[in-house]
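Colleague: Residue numbers (the working numbering): 14 to 350. Cβ atoms here follow ideal geometry from the backbone N, Cα and C, with glycine treated the same way. Predicted model, so just to flag it, every value in this text is computed and none were measured.
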Ligand SMILES: [Zn+2]
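Here's what the structure looks like:
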């Protein structure tokens, strides 16, 4: 059984893109003593290797889940103490409005809007953050230009084994990697690199440098993908609770046919509940791995997520358990190419 307290801890850690230190500390603590090699690269990726038994059929597999979360950065502090921001990653302005945000130093603010939120559309420049100060001088004691803030989104258990929290994108992916790593005793043929990447939300940057170092034969992004069965602006057939999603469509990368077939077979053979995932918007770390070196075969594993990029995303624990099982089984397979 997976330790969902760890998922809770991961979601509650503060880690806007480029400032992933607290998430990294949890991950390093969890993998200590479990891997053959572990390093933190120059931009903050955690690259942990668990060797397989080797042999000619062994491949180098790179799994990538990102540590960072979306947020905002301060660009100006007004004379009346209001804080003006721009977006870090894709943040819907409506998902922030009349809600709290938290800065890296713990300062809490409330997000308001100059005019009607409906008129702001997705212009984060119309938003402001109120930290309780009414002069610029007072506000600058707590927050400075260049500081980052992220969502406040507690971890709650909902009905039917569903959980809600901020940053399930992609701390849930980090959790899948950690739990799969804990099961890996190095008995399979493959060397498995567990990469906890930085800066995915601003363009899959961490996976770029990680792939350059690992030079994998196979790259797998482990991320979230949207649910399509609630009133929203997305279209497709993926639903929370219908199993782990095997990515067939990702606008940022073409999934390798052989790897996808193997993944579907893996689910069938081991009775892992899965769904065929097609994302018609967005992207994942698979894109960066795919175009590294001379090109790398990629595939994707995703947790279906309701209300993505909000402070209260929803996923299913059963999907999480299926995802851990899939990663464990898949990384132990023999790949022939
Ligand atoms: Zn993500």
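(1) Helix, strand or coil for residue 39? Go by DSSP, reduced to three states.
(2) Is the closest heavy atom of ligand 1 to the C-beta of residue 160 under 6 Å?
(3) Under 5 Å from any heavy atom of ligand 1, by CB: list those residues in chain order, please.
(4) With DSSP collapsed to three states, give me the class of residue 168.
(5) Around the C-beta of residue 349, are 16 or more other C-beta atoms found within 10 angstroms, so that it is buried, or is it exposed?
(6) For a test of the three-state rule: what should DSSP assign to residue 309, helix, strand or coil?
(7) For residue 89, which beta-bridge partners are listed by DSSP?
(8) Could you name the residues that DSSP lists as bridge partners for residue 356?
(9) Relative to the alpha-carbon of residue 83, which residue among 104, 75, 66 has its alpha-carbon at the smallest distance?
(10) Please work out which residues of its chain come closer than 8 Å, Cβ to Cβ, to residue 93, disregarding the five sequence neighbours upstream and downstream, and give them in chain order.
(11) Along the chain, where does the beta strand (DSSP E) containing residue 115 start, and where does it finish?
(12) List the endpoints of the continuous beta strand (DSSP E) containing residue 204.
(13) Can you tell me whether residue 52 is helix, strand or coil according to DSSP?
(14) Taking just the CA atoms, how far does residue 329 sit from residue 188?
(15) Using only CA atoms, which one of 178, 97, 164 lies nearest to residue 170?
(16) Which residues mark the beginning and the end of the beta strand (DSSP E) in which residue 238 is found?
(17) From the beta carbon of residue 149, is the nearest beta carbon of chain D less than 7 Å away?
(18) Within 10 Å of its beta-carbon, does residue 282 have 16 or more other beta-carbons around it, so buried, or fewer, so exposed?
(19) DSSP three-state label for residue 146, please.
(20) Going straight from the alpha carbon of residue 224 to that of residue 145, what length do you get?
(21) On the premise that residue 80 lies in contact with residue 36, defined as a C-beta separation below 8 Å, what is that separation, rounded to the nearest angstrom?
(22) Can you find at least 3 beta carbon pairs, one from the stretch 273-291 and one from the stretch 333-344, that sit closer than 8 Å?
(23) How about residue 237 and residue 182: are their beta carbons less than 7 Å apart?
(24) Look at residue 319 and residue 240 and say whether their C-beta atoms are less than 7 Å apart.
(25) Start and end of the beta strand (DSSP E) containing residue 294?
(26) Measure the alpha-carbon distance for residue 152 versus residue 25 and round it to whole angstroms.
(27) Can you grab the Cα-Cα spacing for the pair residue 172 / residue 255, in whole Å?
Modeller: With the structure as the only source:
(1) Along the chain shown, read from residue 1 onward, the residue named residue 39 stands at position 26. Helix, per DSSP.
(2) Position 147 of the chain shown holds residue 160. False, no ligand heavy atom lies under 6 Å from that Cβ.
(3) 182, 183, 236
(4) By 1-based counting over the chain shown, the position of residue 168 is 155. In this structure, residue 168 counts as coil in the three-state DSSP scheme.
(5) Within the chain shown, residue 349 is the residue found at index 336, counting from 1. Answer is exposed; the Cβ neighbour count stays below 16.
(6) Here residue 309 is taken as the residue at index 296 of the chain shown, counted from 1. Coil.
(7) If you number the chain shown from 1, residue 89 lands on position 76. Paired residue(s): 97.
(8) Here the chain has residues from 14 to 350 only, and residue 356 is not among them.
(9) Here residue 83 corresponds to residue number 70 of the chain shown, with the count starting at 1. Among 104, 75, 66, the Cα nearest to that of residue 83 is on 104.
(10) Counting from one through the chain shown, the residue named residue 93 turns up at place 80. Taken in chain order, the residues that qualify are 147, 148, 149.
(11) By 1-based counting over the chain shown, the position of residue 115 is 102. Here the beta strand (DSSP E) through residue 115 covers 113-116.
(12) Translated into positions along the chain shown, residue 204 becomes position 191. Counting along the chain, the beta strand (DSSP E) containing residue 204 begins and ends at 204-210.
(13) As a position in the chain shown, residue 52 is number 39, starting the count at 1. Note: residue 52 maps to strand in three-state DSSP.
(14) Locating residue 188 in the chain shown gives position 175, counting from the first residue. Locating residue 329 in the chain shown gives position 316, counting from the first residue. If you take the alpha carbons of residue 188 and residue 329, they lie about 13 Å apart.
(15) The residue labelled residue 170 in the question sits at position 157 within the chain shown. Of the listed residues, the one whose Cα sits closest to residue 170 is 178.
(16) In the chain shown, residue 238 corresponds to position 225, counting from 1. Where residue 238 is concerned, the enclosing beta strand (DSSP E) stretches over 231-239.
(17) Absent from the structure is chain D; it holds one protein chain and no more.
(18) Position 269 of the chain shown holds residue 282. Its Cβ having fewer than 16 others within 10 Å, residue 282 is exposed.
(19) Taking the chain shown and counting its residues from 1, one reaches residue 146 at position 133. Of the three classes helix, strand and coil, the one that applies to residue 146 here is coil, per DSSP.
(20) Here the question's residue 224 lines up with position 211 in the chain shown. Here the question's residue 145 lines up with position 132 in the chain shown. Rounded to the nearest angstrom, the two C-alpha atoms are 44 Å apart.
(21) Within the chain shown, the letter at position 23 stands for residue 36. Within the chain shown, the letter at position 67 stands for residue 80. With a Cβ gap of about 4 Å, residue 36 and residue 80 count as contacting.
(22) yes
(23) One-based indexing of the chain shown puts residue 237 at position 224. One-based indexing of the chain shown puts residue 182 at position 169. The answer is yes: Cβ separation under 7 Å.
(24) By 1-based counting over the chain shown, the position of residue 319 is 306. By 1-based counting over the chain shown, the position of residue 240 is 227. Yes.
(25) Stepping through the chain shown from its first residue, residue 294 is reached at position 281. No beta strand (DSSP E) contains residue 294, which DSSP labels as neither H nor E.
(26) For the purposes of this step, residue 152 is taken as the residue at position 139 of the chain shown. For the purposes of this step, residue 25 is taken as the residue at position 12 of the chain shown. Answer to the nearest angstrom: the Cα atoms are 25 Å apart.
(27) In the chain shown, the residue the question calls residue 172 occupies position 159. In the chain shown, the residue the question calls residue 255 occupies position 242. Whole-angstrom Cα-Cα distance: 15 Å.
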